[in-house]
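Undergrad: The opening residue of the sequence shown carries number 23 in my numbering; numbering runs sequentially from there.
Here it is, the structure in full.
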Amino acid sequence: MTELILKPGKERSLFRRHPWIFEGSVAHLNGRARPGDTVDVIDDNGRRLARAAWSPKSQIRARVWSFDPDAIIDDAFFKRRVAEALARREAMPQLAGQEGMRLIHGESDGLPGVIADRYGDTICLQLTAAGPDKWRNAIVGALVKATGVARIYERSDSDVRGLEGLEPVTGWVHGEAPEAKLSIDENGVRLGVDVVGGHKTGFYLDQRDNRLLTRDLAKGKSVLNCFCYTGGFSLQALAGGAASVVSIDSSGPALAGAQANLATNPQLDASRAEWLEADVFEALRVFRKEGRRFDLIVLDPPKFAPSAAHADRAARAYKDINLLGFRLLNPGGYLMTYSCSGGIGLELFQKIVAGAAVDAGRDARILRRLSAGPDHPIALHFPEGEYLKGLLVQAD
Ligand code: SAH
């Protein structure tokens, strides 16, 4: 097998079981490798450390499949890893009965570059690196065998594929398009999922538990849901008995999806919902001028900082919306605020929110730290997996 020889000292992150080998860590290759081929990872003392997938165009030059230097990477390997990922979720009572669930969360499930989200009898699969691209058939086969789903849609169109030198790939890789629109039951609320045209794999499964928390807090409250997408937080707030729910998004199609979702939930009181197609930054300023106030505000913006390089500009944007959020909050009100930017860590995010509270002249305290649900595990050796962080804050 082709050998990837590390520069001196560059074995250290592998001893910590971090699965990424950066361009600057690679001394040379002994032999040839095509994109996605499995290579032996060897340090400069000749110690064999791991087997990894070669990504010649990416700054992340190789991603470790296994820290067993003798592991055989074949169809059976993917069957095992997929079965392990599923077993982990089956063992978690909190996930029992969920129709929507992340089955494979990339590096944290031992499958770098593989995301698989299940929506009932459909899986949406996203492959983001050369290794998984090469093993597509093995991964699809393992998922079909382990879950028995009727169909799998591949949604490998994320921007990060460009960094790998890979073209976008989309389409049905198992079964056929369903006749009816896809939807899932999420804790008593029916929500549509558009695997072909929606964001990410069609839906934001990572916020499931936090939407449930919103429901628990919403009774009798005036709720403002910013960046509402297809209305997940809004509908759970209505389910929790909110007095009113104002939802804002700049995307017309997202709002149309939200209203369609509301229509498929006749148990919810649609007269309490107001939908606004607008830029959140502008809309909140208008609300402030109008003197509008809310008891519970959700801020779940898109990724302002895809990487650490964008952190400064992103920090200003987070500060701005959180400041506006605090200003619109009634005394005793709750702010549920998130960042899904990999480039902004929890500590920095908390500082930004604290700064926003000071500037708004509000004393506030964190009641809970929030994160993605247990179907989005974070491997201890892969802190990058913790992209979603949130705070539930109560202001005086
Ligand atoms: N909370 C949602 C997911 C939010 S995704 C859920 O639980 O499903 C982020 C959303 O922000 C997208 O729908 C996008 O259209 C919207 N968006 C991005 N920039 C915006 C802006 N400046 N103003 C309003 N909406 C924006």
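Ideal Cβ placement from N, Cα and C applies to all residues, glycine included.
This structure is a prediction, so every number in the text was calculated from the model and none was measured.
Can the beta-carbon of aspartate 381 be found closer than 9 Å to that of leucine 413?
TA: Stepping through the sequence shown from its first residue, residue 381 is reached at position 359. Stepping through the sequence shown from its first residue, residue 413 is reached at position 391. No, the pair does not count as a contact, with Cβ atoms beyond the cut-off.
Undergrad: Is the closest heavy atom of the ligand SAH to the C-beta of valine 217 under 8 Å?
TA: Indexing the sequence shown from 1 puts residue 217 at position 195. Because no heavy atom of the ligand SAH lies under 8 Å away, the Cβ of valine 217 does not count as near it: no.
Undergrad: Which of the three DSSP states, helix, strand or coil, is assigned to isoleucine 374?
TA: Position 352 of the sequence shown, counted from the start, is the residue given in the question as residue 374. Isoleucine 374: helix per DSSP, three-state reduction.
Undergrad: In terms of residue numbering, what span does the beta strand (DSSP E) encompassing aspartate 62 cover?
TA: Residue numbering aside, residue 62 sits at position 40 when the sequence shown is read from its first letter. Looking at the DSSP string, the run of the beta strand (DSSP E) that includes aspartate 62 is 60–64.
Undergrad: Would you mind sorting threonine 192 into buried or exposed? The rule is 16 or more other CB atoms within 10 Å of its CB.
TA: In the sequence shown, residue 192 corresponds to position 170, counting from 1. Its Cβ having fewer than 16 others within 10 Å, threonine 192 is exposed.
Undergrad: Taking 5 Å as the limit, tell me which residues put their C-beta closer than that to any heavy atom of the ligand SAH, in chain order.
TA: Cβ atoms closer than 5 Å to the ligand SAH belong to Tyr226, Gln229, Phe249, Tyr251, Gly254, Asp271, Ser272, Ser273, Ala276, Asp301, Val302, Asp322, Pro324.
Undergrad: Pull up the distance between the alpha-carbon of isoleucine 64 and that of leucine 36, whole angstroms please.
TA: Here residue 64 corresponds to residue number 42 of the sequence shown, with the count starting at 1. Here residue 36 corresponds to residue number 14 of the sequence shown, with the count starting at 1. Each residue's alpha carbon lies about 10 Å from the other.
Undergrad: Quick check on valine 215: does DSSP put it in helix, strand or coil?
TA: Residue mapping note: residue 215 aligns to position 193 of the sequence shown, counting from 1. Three-state DSSP puts valine 215 in coil, outside helix and strand.
Undergrad: In angstroms with no decimal places, state the Cα-to-Cα distance between valine 136 and glycine 407.
TA: By 1-based counting over the sequence shown, the position of residue 136 is 114. By 1-based counting over the sequence shown, the position of residue 407 is 385. About 13 Å.
Undergrad: Determine the contact status of histidine 403 and histidine 40, defining contact as a CB-CB distance below 9 Å.
TA: Here residue 403 refers to the residue found at position 381 of the sequence shown. Here residue 40 refers to the residue found at position 18 of the sequence shown. In contact: histidine 403 and histidine 40 (Cβ atoms closer than 9 Å).
Undergrad: Under the assumption that arginine 177 contacts leucine 213 (Cβ atoms under 8 Å), give the Cβ distance between them as a whole number of angstroms.
TA: In the sequence shown, counting from the first residue as 1, residue 177 sits at position 155. In the sequence shown, counting from the first residue as 1, residue 213 sits at position 191. Not really, about 18 Å apart at Cβ, beyond 8 Å.
Undergrad: Just the Cα atoms here: how many angstroms apart are alanine 417 and proline 353?
TA: If you number the sequence shown from 1, residue 417 lands on position 395. If you number the sequence shown from 1, residue 353 lands on position 331. Each residue's alpha carbon lies about 6 Å from the other.
Undergrad: With DSSP run on the structure shown, which of helix, strand or coil describes glutamine 416?
TA: If you number the sequence shown from 1, residue 416 lands on position 394. In the structure shown, glutamine 416 sits in a strand (DSSP, three-state: E or B).
Undergrad: Under 9 Å between the Cβ atoms of glycine 419 and lysine 411?
TA: A question about residue 419 goes unanswered here, because the residues of the chain that appear run from 23 up to 418.
Undergrad: Taking DSSP as the reference, what is the three-state secondary structure of alanine 386?
TA: Residue mapping note: residue 386 aligns to position 364 of the sequence shown, counting from 1. Note: alanine 386 maps to strand in three-state DSSP.
Undergrad: Taking just the CA atoms, how far does alanine 107 sit from leucine 133?
TA: Position 111 of the sequence shown, counted from the first residue, corresponds to residue 133. Position 85 of the sequence shown, counted from the first residue, corresponds to residue 107. About 9 Å.
Undergrad: May I have the straight-line CA-CA distance separating glycine 170 from aspartate 397, to the nearest angstrom?
TA: Taking the first residue of the sequence shown as position 1, residue 170 is located at position 148. Taking the first residue of the sequence shown as position 1, residue 397 is located at position 375. Answer to the nearest angstrom: the Cα atoms are 19 Å apart.
Undergrad: Please determine if the stretch 71–83 and the stretch 110–117 are in contact, where contact requires at least 3 C-beta pairs separated by less than 8 Å.
TA: With a cut-off of 8 Å, the stretch 110–117 and the stretch 71–83 do not count as touching, because too few Cβ pairs lie within range.
Undergrad: Jot down the residue ranges of each uninterrupted alpha helix (DSSP H) in the stretch 295–339, minimum 4 residues, whole runs only, in chain order.
TA: You should have 302–312.
Undergrad: Would you please state the rounded distance, in angstroms, between the beta carbons of isoleucine 319 and leucine 350? I believe it to be under 8 Å.
TA: On the sequence shown, position 297 is the one that residue 319 refers to. On the sequence shown, position 328 is the one that residue 350 refers to. That pair is a contact at about 6 Å.
Undergrad: Helix, strand or coil: how does DSSP classify serine 47 here?
TA: Indexing the sequence shown from 1 puts residue 47 at position 25. Of the three classes helix, strand and coil, the one that applies to serine 47 here is helix, per DSSP.
Undergrad: Is the stretch 249–266 touching the stretch 229–241 in the sense that three or more CB pairs, one from each, lie closer than 8 Å?
TA: Touching, per the Cβ criterion.
Undergrad: Give me, in chain order, the residues of the same chain whose beta-carbon lies closer than 7 Å to that of glycine 377; leave out the 5 immediate sequence neighbours on both sides.
TA: Taking the sequence shown and counting its residues from 1, one reaches residue 377 at position 355. Hits under 7 Å: Lys341.
Undergrad: How many angstroms separate the CA atom of glutamine 81 from the CA atom of proline 328?
TA: Within the sequence shown, residue 81 is the residue found at index 59, counting from 1. Within the sequence shown, residue 328 is the residue found at index 306, counting from 1. Going from the Cα of glutamine 81 to the Cα of proline 328 covers about 15 Å.
Undergrad: Taking cysteine 362 as the reference, give the member of Leu277, Tyr226, Glu312, Lys311 with the closest Cα.
TA: One-based indexing of the sequence shown puts residue 362 at position 340. The residue with the shortest Cα to Cα distance from cysteine 362 is Tyr226.
Undergrad: Would you report the Cα separation of alanine 105 and aspartate 139, rounded to the nearest angstrom?
TA: For the purposes of this step, residue 105 is identified with residue 83 of the sequence shown, where counting begins at 1. For the purposes of this step, residue 139 is identified with residue 117 of the sequence shown, where counting begins at 1. Going from the Cα of alanine 105 to the Cα of aspartate 139 covers about 15 Å.
Undergrad: Classify lysine 411 as helix, strand or coil using the three-state DSSP reduction.
TA: Here residue 411 corresponds to residue number 389 of the sequence shown, with the count starting at 1. DSSP places lysine 411 in strand when its eight states are reduced to three.
Undergrad: Decide if glycine 46 is buried, meaning its Cβ has at least 16 other Cβ atoms within 10 Å, or exposed.
TA: Numbered from its first residue, the sequence shown carries residue 46 at position 24. With fewer than 16 other Cβ atoms within 10 Å, it is exposed.
Undergrad: Using DSSP with H/G/I as helix, E/B as strand and the rest coil, what is valine 171?
TA: By one-based count along the sequence shown, residue 171 stands at place 149. Valine 171: coil per DSSP, three-state reduction.
Undergrad: According to DSSP, arginine 177 sits in a beta bridge with which residue or residues?
TA: Here the question's residue 177 lines up with position 155 in the sequence shown. Arginine 177 pairs with Thr192.
Undergrad: I want to know whether the stretch 215–225 touches the stretch 200–207 - three or more CB-CB distances under 8 Å.
TA: Flag = yes, the stretch 215–225 and the stretch 200–207 touch.
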